Amino acid sequence: MAIQINSNSNYRYAIVFASRAVADEWWHVVSTSAIVKFSNSIRRANAADSLAVNGVATQLPWQGGRQWSVIPPLHFADHISENSSPIKVSSFAPKSPYEYWYCPLLSDSNATNLVYISRTERTRFRVGLTDKGTAGAIMIGSDEIVITLPSLSRSIRVTGSGQVILSTAPELGLKFSDLLSKFTVGPTLYKDGQSLDTRELFYTDDGEEWELA
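Following numbering that gives the first Met the number 0, the numbering of the sequence shown begins with 0 at its first residue and continues without gaps.
Following this line, the structure appears as structure tokens:
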């Protein structure tokens, strides 16, 4: 983060966070502040190459000192509420990054309402904030969300045994951070001795890393 980046007459600072998740929480607070001058003076930035010294908050030289270029922005995708996207294993996960959430019910009305993991099939889900009127807002880890398949008027829900299913009633209390880290997969499914190349999706406190593709 960079503070007072538009001013040459005030002190400027770069702030480094332990992770993007922590930065997002902080950014959400300051960017929605009622103090317009404060929220407008801060922006996301890549401070890695611009710190004068190591630390959490570092003052940058101002106009009267050495001339530093403006900190360049990071190139990463924000997670936008109500966007539609496949959900896949994180690119940083040790396993194959080509495993996606898949709902056969979308194309086969006789299929079960279970959600699976597949390397050959994928389903686009709409992930949005539970609060109405928030389409287009940036989602952060602490936000409560709902994961839906609009064409079927169904939402993701978790059963008592942890199975992930499609239901007319969404899972309550599901947070965006849960989507990214609290789902895991079961063993490969077989039929007549042949692998179906699919596995069931489960909800657990110790899940795997996922991302919106």
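All residues carry an ideal CB built from backbone N, CA and C; glycine is no exception.
Note that the structure is a prediction, hence the values are computed from the model and not measured.
Quick check on residue i: buried or exposed, where buried means 16 or more other Cβ atoms within 10 Å of its Cβ?
| i | result |
| --- | --- |
| residue 195 | exposed |
| residue 159 | exposed |
| residue 80 | buried |
| residue 203 | exposed |
| residue 28 | exposed |
| residue 23 | buried |
| residue 127 | buried |
| residue 21 | exposed |
| residue 97 | exposed |
Could you tell me how far apart the beta carbons of residue i and residue j are, in whole angstroms, since I believe they sit closer than 8 Å?
| i | j | result |
| --- | --- | --- |
| residue 85 | residue 111 | With a Cβ gap of about 20 Å, residue 85 and residue 111 do not count as contacting. |
| residue 207 | residue 88 | 7 Å |
| residue 141 | residue 176 | 7 Å |
Can you check whether the C-beta of residue i is within less than 8 Å of a C-beta belonging to chain D?
| i | result |
| --- | --- |
| residue 157 | As a matter of chain content, chain D is missing from the structure shown, which is built from one protein chain. |
Using DSSP with H/G/I as helix, E/B as strand and the rest coil, what is residue i?
| i | result |
| --- | --- |
| residue 233 | Here the chain comprises residues numbered 0 to 212, so residue 233 is not present and cannot be evaluated. |
| residue 208 | coil |
| residue 199 | strand |
| residue 15 | coil |
(request) Identify every run of the alpha helix (DSSP H) within the segment 114-180, keeping only runs that are complete inside it and at least 4 residues long; order them along the chain. (result) 175-180
(message) For the segment 139-154 against the segment 185-199, do three or more pairs of beta-carbon atoms, one drawn from each stretch, fall closer than 8 Å, so that the two count as touching?
(response) no
(request) Would you check if there are 3 or more beta carbon pairs closer than 8 Å linking the segment 161-179 to the segment 140-147? (result) Remark: three or more beta-carbon pairs, one from each stretch, lie closer than 8 Å, so the segment 161-179 and the segment 140-147 are flagged as touching.
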